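Protein chains in written order, with my numbering: chain A, 1 to 266; chain B, 267 to 515.
All C-beta atoms in this analysis are idealised placements derived from N, C-alpha and C, irrespective of residue type, glycine included.
No experiment lies behind these values; they were computed from the predicted model shown.
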Amino acid sequence: MEFFFDYYFDFSLMGEEFDRVLDGFWITVKLSVFSGVCSLVWGLVLAVLRQLPGRALMPIRAVTIAYIDVFRGIPLLLVLFLVSGFLSAAQADGTIPRAIGIPEWLGQTSFFWYGVIALTITYGAYMAEVYRAGIEAVPGGQMEAARSLGMSHGQAMRQVIVPQAVNKVIPPLLNDFIALMKDTSLVGVLGATEAVKAGTDIQTEFFNGSGLVLGALMFLALTIPLARLVDLLIARQQGRYARSGRGTAEPAPAGAAGSGQTGGPI
Amino acid sequence: MAGDGILRLERVEKSFGDLHVLRGIDLEIAKGEVVCVLGPSGSGKSTLLRCINLLEPPDGGRIVLDGQQISGGAGEVGVDYVRRRVGMVFQQFNLFPHKSAVENVALAQQTVLGRGEAEARTKAAALLKRVGLADKLDEYPERLSGGQQQRVAIARALAMDPEVMLFDEVTSALDPELIKEVLDVMRELADEGMTMIVVTHEIGFARDVGDRAVFMDDGVIVEEGAPKQVIDNPKQERTKRFLGLVLEH
């Protein structure tokens, strides 16, 4: 039992190595914020492309759906290796400039940026599906009303559909962000010294897992409040629906001729 | 048949898969005329309105709006032409829930007509005043009653300066005590000379306000004429049967 505590909760070691783990965790936070913001934007772009109307734009929809299917279906670690391998090899080959092949923007390592790119590619696909659910949850009458006022599909999406959709999906997007934050640890495999890598370095040096436990505590210090925030937002949304209940736009009664038809070229 | 018709439908057809919803509709509407369309559920009334502003493209026939062919093959002008001239009000209001009343009425003025924000809001405020909602400018739809929401929706359509207004069972989703305030707004609009096509179950409104009543069943116009004649002395058996059921209670 004593060994258990010494292995996981060696407080003196935690104290000595605190800065090293914290530095790693700072990298984790930066990775999460950059990748999170990029994924949010990229996911929305994908979701909107997927909703483009008309037969002429079918190829764009098909490519978007294929992208989302592929990157939701393969491991992030694999994407990480694909991205880092390609970029470093392509710049060595002279196909792309070194500044892009081995990016060291804003004082971060190239591993960091490979991570941001891979996380964005993968989480953009996840978040696109979340946005899609939100867009599809906006009643069809909203698009019809906007179109009947003369707005183009793009104007209607920007002014009417997407603002409502985003509002509905903030909690699940935050959930994805929590998952993304944990998955930044995979970037450690490339060599970026984020929280988990810092912990395993300490573990290798001292044969002790306390550095990892310290990293875990740092993760929890952020992820638990975020999870509570998600709960709060969901509760607030449900409260709002309960209040608005009757009177506001309910789905059309089944008998209403035509009003259930939303498949038109609106 | 040129005439002074602002809107002319010739043999308009529409199917959803195997369901033949409109089976050759001929209808000509004069400027300033109020046409009330009556008929049982599923008779194609709503689809007719949705074809007129091309929310559903007709499968056959021709529609001519203000001298321009908007549907029916060669020489068609685009949906933009139609939607800038035709306003539509829906059964379910379809207000934008994330915008206040005044923003609902101002939005398309800005994005579609390119009006400045101040101009659009001024116009929106004037229209909301006209429909009796001068004190609700900054309320969000969820804080408004169904009748108030529907009046905002009417103001929103009017803000685009339409030449024709389409009303698709706009009182069907309202509690009985809220119906009158919406019908009153429509009555005023009719008095001011707006061209209106009103799909409705409000027989009294059709009789008092309509210039013409059209009875539809099974995708065709069964009978049309002066509202009093169609409603009080229908010629066709189907019209009699329907009105008998509606007027019974």
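Within the region 130–147 of chain A, those residues whose Cβ lies closer than 8 Å to any Cβ of chain B are, in chain order, Pro139, Gly141, Gln142, Glu144, Ala145, Ala146, Arg147.
If you draw a straight line from the Cα of valine 300 of chain B to the Cα of isoleucine 329 of chain B, it is about 18 Å long. Secondary structure remark: continuous alpha helix (DSSP H) runs of at least 4 residues inside the region 15–75 of chain A, in chain order: 18–50, 58–73.
Taking a cut-off of 8 Å for Cβ pairs, the region 377–395 of chain B and the region 450–457 of chain B do not touch, as fewer than three such pairs fall below it.
Taken through DSSP and simplified to helix, strand or coil, aspartate 477 of chain B comes out as coil. For phenylalanine 481 of chain B, the nearest beta carbon of chain A is not closer than 8 Å to its own beta carbon. Per the Cβ contact rule, the region 309–326 of chain B is not in contact with the region 94–114 of chain A (fewer than 3 Cβ pairs under 8 Å).
Rounded to whole angstroms, the separation of the alpha carbons of valine 464 of chain B and alanine 367 of chain B is 24 Å. Only those residues of the region 343–357 of chain B whose C-beta falls short of 7 Å from the nearest C-beta of chain A are listed: Asp346, Arg349, Arg350, Met354, Phe356, Gln357. Interface flag for asparagine 208 of chain A against chain B is unset, since no Cβ pair is found closer than 8 Å.
Out of B:Ile318, B:Met460, B:Gly327, the CA that lies nearest to the CA of glutamate 279 of chain B is found in B:Gly327. With the rule of 3 Cβ pairs closer than 8 Å, the region 194–211 of chain A counts as touching the region 16–24 of chain A.
The region 416–432 of chain B and the region 345–354 of chain B touch, with three or more beta-carbon pairs separated by less than 8 Å.
Less than 8 Å separates the beta-carbon of alanine 125 of chain A from that of isoleucine 68 of chain A. If the five residues before and after phenylalanine 359 of chain B are omitted, its C-beta is found closer than 8 Å to the C-beta atoms of Pro407, Gly412, Gln415, Gln416, Val418, Ala419, Ala439, all from its own chain and listed in chain order.
Contact of alanine 374 of chain B with chain A by beta-carbon distance below 7 Å involves Leu149, Gly150, Met151.
The same chain holds no residue with a CB closer than 7 Å to that of valine 63 of chain A once the five nearest residues on each side in sequence are set aside.
Here aspartate 284 of chain B is exposed: its Cβ has fewer than 16 other Cβ atoms, across all protein chains shown, within 10 Å. Note on geometry: alpha-carbon atoms of alanine 423 of chain B and glycine 141 of chain A lie some 14 Å from one another. Taking the C-beta atoms as reference points, leucine 214 of chain A is found nearer than 8 Å to methionine 14 of chain A. For lysine 494 of chain B, same chain residues with a beta-carbon under 7 Å away, outside a window of 5 residues either side, are Arg473 in chain order. For the region 158–189 of chain A, the set of positions with a beta-carbon nearer than 8 Å to some beta-carbon of chain B reads Gln159, Val160, Pro163, Gln164, Asn167 in chain order.
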